[in-house]
Amino acid sequence: MHASTQTRAGGRILPVKFVIAGGFGVGKTTFVGSISEIEPLRTEAAMTSVSAGVDDLTHTGGKTTTTVAMDFGRITVDESLVMYLFGTPGQDRFGFMWDDICNGALGAVVLVDTRRIDQCFPAVDYFEAKRIPFVVGVNNFDGAPRYPLEEVRDALGVPAAVPLVECDARDRQSVKGALITLLESLVAQARARDAAAAV
Amino acid sequence: MSERPGHDFVRPFIMTGGRTRAARRDLRLETMLHSTVEAPPPGLPSEQEELLALCQEPQSVAEAAAKLGLVVGVVTVIAGDLIAEDLLTVHHTDPVEIELDVLTKMLDRVRAI
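These protein sequence lines are chains S and E, in that order.
Residue 192 in numbering that gives the first Met the number 0 is what sits at position 193 of the first sequence, and the numbering runs on without skipping anything.
Residue 5 in numbering that gives the first Met the number 0 is what sits at position 6 of the second sequence, and the numbering runs on without skipping anything.
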C-alpha cells in the first residue's frame with residue numbers, strides 16, 4: 000500500500016469500440032484518419048494463435064505468437080464518452096486473431112474493394128459469426144469498376160438487414176456517412192430491443 | 000549500423016518481471032486506465048512510473064501502448080501490477096449494454112463532424 004494514495008474525484012469515461020475491417024490495402028487506416036480527431040496511432044499486439052495442423056497432438060506445442068500492427072483513432076463525444084476506431088490487421092492470415100481486437104466491439108465497418116471483393120469475405124464471416132453489427136462500405140477506388148450496391152450485396156451474400164453504403168475512405172464526409180449509417184442501425188436495433196422489453 | 004534497435008532495446012519480459020501473460024484478462028484495447036495518485040510514488044520501476052504519469056489523464060490501453068512504444072500485452076501486465084497496488088484504476092472493464100441515449104449521443108457527435 001502507498002500512503003500517498005489519494006482517491007481522485009475524476010469522472011469515469013465510457014470507451015466504445017468500433018472496428019474497421021476489410022482486405023489488405025482497402026483503406027482501413029485512411030478511413031480512421033479521415034474521421035479521427037487525432038492522427039491515427041499505431042500500436043502492436045502480440046497475438047497468440049494455435050497453429051492448425053494434423054500433427055499437433057500435444058497440448059503444449061503448436062502455439063505461435065505473431066506481432067501485428069493496428070492503427071486506431073479516437074472521437075471524443077463528451078467528458079464521459081469516447082469512441083475508438085480500430086483497424087484490423089490487413090492480412091488474411093491474421094483473420095483468426097481478431098478476437099483481441101473485436102472483443103467488446105459495438106459495431107464494425109467492412110470496407111470492400113470491388114476489384115478484390117473476395118478479400119472482405121473473412122471479415123463478413125467473422126462479424127456474422129460473432130453477431131457484431133456491421134455495415135459494408137464499398138470503397139470507390141479510382142479506376143475500379145462501379146457496381147450497383149445490390150450487385151455487391153449479392154456477391155457478398157449479406158442479408159438486406161446489413162446496410163451497404165458507398166464509401167470513399169479518403170473523404171471525411173463519406174466516412175462520416177458510413178459511421179452514421181452504422182450508428183443509425185444500432186439505434187434502430189436498440190429501439191426495437193427496448194420496445195420488445197416494454198411489452 | 001545495425002537495423003535493429005540499439006541501446007534502448009529491452010526485451011519485453013524484462014519489463015514485466017519475466018511474466019509473459021497479462022494477469023488481468025479484463026484489460027482490453029479500449030479499457031480506460033486512470034492514475035489514482037497525483038504523482039507516482041518514489042521507487043517504482045521506470046516503466047510503471049511512465050505509465051502512471053501518462054495516465055494522469057485517462058488513456059485507453061491502446062493509447063498508452065502507442066504513446067509508450069510498447070506492445071499491448073506488456074502494457075496490460077504493467078497496468079495489472081499498478082492496479083494491484085491501487086495506483087491505477089480502470090473504467091468499465093465489462094462489456095456493457097449500450098443504452099439508447101449513449102448511442103444517440105454518438106450519432107449526434109458524428110453528425111456534427
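Every residue, glycine too, gets a C-beta built ideally from N, C-alpha and C.
Does the region 26-42 of chain S come into contact with the region 103-114 of chain S, if we say contact requires no fewer than three beta-carbon pairs (one atom in each stretch) closer than 8 Å?
Judged by Cβ distances under 8 Å, the region 26-42 of chain S makes contact with the region 103-114 of chain S, as three or more pairs qualify.
When DSSP labels each residue in this structure, what does valine 32 of chain S get in the three-state scheme?
Residue 32 of chain S is actually glycine in this sequence, not valine. Helix.
Name, please, each residue of chain E whose Cβ falls closer than 7 Å to the Cβ of asparagine 102 of chain S.
By Cβ distance, chain E contributes Arg27.
Is the CB of alanine 64 of chain E under 7 Å away from at least one CB in chain S?
It does; some Cβ of chain S falls within 7 Å.
Look up phenylalanine 133 of chain S in the DSSP assignment and give the residues it is bridged to.
In the DSSP output, where bridge partners are listed per residue, phenylalanine 133 of chain S has S:Ala107.
Could you tell me which whole alpha helix (DSSP H) segments of length 4 or greater appear in the region 51-89 of chain E?
As far as the region 51-89 of chain E is concerned, its whole alpha helix (DSSP H) runs of at least 4 residues are 60-67, 71-83.
Given leucine 81 of chain E, which residues of its chain have a CB within under 7 Å of its CB, disregarding the five upstream and five downstream residues?
Cβ within range, chain order: Gln47, Leu50, Leu51, Leu87.
Work out the CA separation of alanine 38 of chain E and proline 245 of chain S for me, nearest whole Å.
Residue 245 of chain S lies beyond the residue range present for chain S, which begins at 0 and ends at 198; the question has no answer from this structure.
Are the region 140-150 of chain S and the region 33-40 of chain S touching by the rule of at least three beta carbon pairs closer than 8 Å?
Contact fails: fewer than three Cβ-Cβ distances are below 8 Å.
With 7 Å as the threshold, decide whether the Cβ of proline 44 of chain E is near any Cβ in chain S.
False, the Cβ-Cβ gap to chain S never drops below 7 Å.
Can you confirm whether alanine 21 of chain E, when its beta carbon is compared against all beta carbons of chain S, has any partner nearer than 7 Å?
Since pLDDT at alanine 21 of chain E reaches only 48, below the 50 mark, its modelled position is unreliable, and the value read off the structure follows with that caveat. No, its Cβ sits nowhere closer than 7 Å to a Cβ of chain S.
Could you check what DSSP says for serine 79 of chain S in three-state terms: helix, strand or coil?
If DSSP states are grouped into helix, strand and coil, serine 79 of chain S belongs with coil.
I need the boundaries of the alpha helix (DSSP H) containing glutamate 165 of chain S, first residue and last residue.
Counting along the chain, glutamate 165 of chain S falls outside any alpha helix (DSSP H), though it belongs to the beta strand (DSSP E) covering 163-166.
So what's arginine 41 of chain S in DSSP terms, helix, strand or just coil?
Arginine 41 of chain S falls in the strand class under three-state DSSP.
For the beta strand (DSSP E) containing leucine 32 of chain E, name the first residue and the last one.
Looking at the DSSP string, the run of the beta strand (DSSP E) that includes leucine 32 of chain E is 31-34.
To be precise: take each residue of the region 60-86 of chain E, compare its Cβ to all Cβ atoms of chain S, and keep it if any distance is under 7 Å. Which residues remain?
From the region 60-86 of chain E, only Ala61, Glu62, Ala64, Ala65, Val70, Val71, Gly72, Glu84, Asp85, Leu86 have a Cβ closer than 7 Å to chain S.
For the region 72-87 of chain S against the region 8-21 of chain S, are there 3 or more C-beta pairs whose distance is under 8 Å?
Flag = yes, the region 72-87 of chain S and the region 8-21 of chain S touch.
Please report how far the alpha carbon of alanine 197 of chain S lies from the alpha carbon of glutamate 98 of chain E, in whole angstroms.
Each residue's Cα considered, the two are about 15 Å apart.
Grouping DSSP H, G and I as helix and E and B as strand, with all else coil, what is isoleucine 100 of chain S?
Isoleucine 100 of chain S: helix per DSSP, three-state reduction.
Whole-angstrom Cβ separation of glycine 21 of chain S and alanine 122 of chain S, contact assumed at under 8 Å?
Going by Cβ atoms, the distance from glycine 21 of chain S to alanine 122 of chain S rounds to 6 Å, so yes, they are a contact pair.
Closer than 7 Å by C-beta to glycine 60 of chain S: which residues in its own chain qualify, once you throw out the five before and the five after it? Chain order, please.
With a pLDDT of 46 at glycine 60 of chain S, under the threshold of 50, the modelled position of that residue is not reliable, and no figure is offered here.
Let me confirm a value: threonine 35 of chain E is counted as buried when at least 16 other C-beta atoms fall within 10 Å, else exposed. Which label applies?
Buried is the call here.
So, helix, strand or coil for leucine 84 of chain S, using DSSP?
Leucine 84 of chain S: strand per DSSP, three-state reduction.
Using beta carbons (cut-off 7 Å, strictly below), is arginine 11 of chain S in contact with chain E?
So, interface residue.
Please return the same chain residues whose Cβ sits closer than 8 Å to the Cβ of valine 53 of chain S, not counting the five positions on each side in sequence.
Low confidence applies to valine 53 of chain S: its pLDDT is 37, below 50, so where it sits in the model is not reliable enough to give any reading.
Could you check whether the region 72-80 of chain E touches the region 148-163 of chain S, counting it as contact only if at least three pairs of C-beta atoms, one from each stretch, sit closer than 8 Å?
Cβ pair count under 8 Å is below three, so no.
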